[in-house]
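Each residue of the sequence shown is one higher than the last, beginning at 1 in the UniProt record's numbering.
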Amino acid sequence: MDRFKRWSEVMPIPDITSKTIVSNFLSGWISRFEVPETIVSDRGTQFTSSLWIGVCRTLGIGCKNTTSYHPESNGLKTFPQIL
């Protein structure tokens, strides 16, 4: 979700491994939009993996993890209900 524009995108993926997340992020977001300044995510292993962190560092993206069990902190309080 783009916090400024409140733009959300959903794409089907076969699994939530860090390899799949990175691949879909590069082909599904970066290729169509631009490199974000910051990504706020939960503390899932796919977002704390060395692969994800390495890609973010390479692209100059600041990675921030939210507090566990507190979806309000990443702007997703109502989005899952809408989806």
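Where is the CB? At the ideal position from N, CA and C, for every residue including glycine.
- Burial of I21 is indicated by the presence of at least 16 other C-beta atoms within 10 angstroms of its C-beta.
- DSSP, reduced to helix, strand and coil, places S41 within a strand of the structure shown.
- Around the beta carbon of V10, fewer than 16 other beta carbons lie within 10 angstroms, which makes this residue exposed.
- In the DSSP assignment, W52 forms no beta bridge with any residue.
- In this structure V35 is exposed. Its beta-carbon is surrounded by fewer than 16 other beta-carbon atoms within 10 angstroms.
- For the pair S23 and I13, the Cα-to-Cα distance works out to about 10 Å.
- Residue environment for S8: exposed (fewer than 16 other C-beta atoms within 10 angstroms of its C-beta).
- Going by DSSP, G60 is part of no beta strand (DSSP E) at all; its letter is neither H nor E.
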